[in-house]
């Protein structure tokens with residue numbers, strides 16, 4: 001068990017980063033919904049498929065639908081309002097989603113594949129990178145938007161790529177099929193994090 005300590009510590013830092021990223025992502029999704037729907041609640045159930053409305057009620061619902069479409073078309077034209085309003089903001093939201101997904105996949109691979117392999121044959125773990133990743137995500141949570149947030153998001157992306165690349169490199173010296181499976185899983189994560 002003592003052999004696994006470096007991987008456990010690294011994994012713990014990545015779990016903290018993942019929780020922070022998930023919170024940021026959740027907050028952004030809530031802001032996106034509130035931008036077009038001021039009375040929207042995050043726990044609101046989805047509306048039924050058939051409205052069962054006739055006459056004035058149907059026209060009122062139709063008007064609401066038209067307002068929603070108008071709000072969607074304004075998404076790129078009102079940069080001062082909350083929610084993704086510019087292509088750059090939409091790109092930032094998309095990148096955050098990818099980083100959340102990739103971090104979640106990395107944690108899963110580390111827990112299910114790498115931990116048993118590490119206990120059998122320890123390989124280099126670069127703890128500094130996981131600490132840096134956690135710190136970047138924590139700093140990003142303080143910014144929430146703007147140029148510093150964008151820089152932190154880019155830094156988190158690069159740091160996550162570095163962590164995955166170093167793990168792939170560390171596993172390359174082992175010829176076992178299990179290590180090859182772990183490497184393939186890590187390469188899949190890299191494909192979801194293209195170079196910028």
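Residue numbers (the UniProt record's numbering): 1 to 196. Positions of the beta carbon are idealized from the N, C-alpha and C atoms, including for glycine.
Residue i versus residue j - alpha carbon distance
i, j, result
"residue 143", "residue 194", "24 angstroms"
"residue 185", "residue 145", "32 angstroms"
"residue 20", "residue 96", "11 angstroms"
"residue 17", "residue 141", "10 angstroms"
"residue 125", "residue 30", "36 angstroms"
"residue 9", "residue 87", "38 angstroms"
"residue 101", "residue 109", "12 angstroms"
"residue 182", "residue 122", "14 angstroms"
"residue 15", "residue 107", "7 angstroms"
"residue 179", "residue 98", "25 angstroms"
"residue 167", "residue 89", "31 angstroms"
"residue 11", "residue 28", "25 angstroms"
Cβ-based burial, residue i [other Cβ within 10 Å; buried from 16]
i, result
"residue 26", "exposed"
"residue 94", "exposed"
"residue 170", "buried"
"residue 127", "exposed"
"residue 177", "exposed"
"residue 23", "exposed"
Secondary structure of residue i, DSSP reduced to three states
i, result
"residue 193", "coil"
"residue 10", "helix"
"residue 172", "coil"
"residue 123", "coil"
"residue 114", "helix"
"residue 165", "helix"
"residue 145", "coil"
"residue 20", "helix"
"residue 103", "helix"
Segment contact, 8 angstroms Cβ cut-off, at least three pairs: the region 149-159 with the region 126-136: yes
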